[in-house]
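Numbering (the numbering used here), first residue to last: 164 to 350.
Where a beta carbon is used, it is the ideal one built from N, C-alpha and C, also for glycine.
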Amino acid sequence: MSGPGQDRSLVFQNYGLLPWRTVLGNVEFGLEIRGMARARRRDICRDYIERVGLTGFENHYPHQISGGMQQRVGLARALSKDPKILLMDEPFAAVDMQTRERLQDELLGIWSAMKTTVLFVTHSIEEAVYLGDRVIVMSSRPGRIAADVMTELPRPRSDDVKSSERYAELLRLVRAALKKGQMPMAA
164 MSGPGQDRSL VFQNYGLLPW RTVLGNVEFG LEIRGMARAR RRDICRDYIE RVGLTGFENH
224 YPHQISGGMQ QRVGLARALS KDPKILLMDE PFAAVDMQTR ERLQDELLGI WSAMKTTVLF
284 VTHSIEEAVY LGDRVIVMSS RPGRIAADVM TELPRPRSDD VKSSERYAEL LRLVRAALKK
344 GQMPMAA
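Okay, structure coming up:
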């Protein structure tokens, strides 16, 4: 990638929803600005609203739904454009652990169905290893690649993966790479 393009979508950490638009209106936004006919975009967006488990909430505004639901609206909006690449910037950081794990599993299910390339940024080692086929560990100042780890975990993923020896080994590898790439603390 060398710049913006119609072939990619972004899911923000802070949801990025328009407060004056309903769930359906937020999901439709990208297709609307592309000039897609209303009936066609409504059909597409209702499908993605269903995929992320928000059927029945189409007419709710962001302030009327939970943070996890808002994040699913952002995901549905991004996916409705049928992107080749889905960029996700710490999308689950602002939700509680139970919601985070549910969203991770939903993302894995959606990925299985769509096979879209996902670039997922996270500070959670467990999340990176569980979701990723490849984990790129970045060092701090200057930012550079400290490690490139292929997970080789089976798909479809399930909670069983988290109790495997391979998962534990990957967590150790990524932690070690992070420690190696950290700047020393100032005295």
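Query, Result
"Might you give, ordered along the chain, the residues of its own chain that have their beta carbon closer than 6 angstroms to the beta carbon of Ala256, omitting 5 neighbours on each side?", "Gln176"
"Using the three-state DSSP reduction, which class does Ala310 fall into: helix, strand or coil?", "strand"
"Please classify Ala241 as buried or exposed, where buried requires at least 16 neighbouring CB atoms within 10 angstroms.", "buried"
"How about Leu173 and Asp252: are their beta carbons less than 8 angstroms apart?", "yes"
"Give, in chain order, every unbroken run of the alpha helix (DSSP H) that is at least 4 residues long and sits entirely within the stretch 252-317.", "260-277, 288-294"
"Is the beta carbon of Val190 closer than 8 angstroms to that of Tyr211?", "yes"
"Can you tell me which of the three DSSP states Arg334 falls into?", "First, the residue type needs correcting, since residue 334 is Leu and not Arg in the sequence shown. Three-state DSSP puts Leu334 in a helix."
"Should the stretch 165-172 be regarded as contacting the stretch 229-247, the criterion being three or more beta carbon pairs within less than 8 angstroms?", "yes"
"Between Leu341, Val186, Asp322, which lies nearest to Arg304 when the distance is taken from Cα to Cα?", "Leu341"
"Tell me whether Arg204 is buried or exposed, calling it buried when 16 or more other Cβ atoms sit within 10 Å of its Cβ.", "buried"
"In the DSSP assignment, find the unbroken beta strand (DSSP E) run with Ser172 in it and report its ends.", "171-174"
"Can you pull the DSSP bridge partners for Leu217?", "Per DSSP, none; premise fails for Leu217."
"Within 10 Å of its beta-carbon, does Gly193 have 16 or more other beta-carbons around it, so buried, or fewer, so exposed?", "buried"
"Starting from Gln234, follow the alpha helix (DSSP H) in both directions and report where the run begins and ends.", "230-243"
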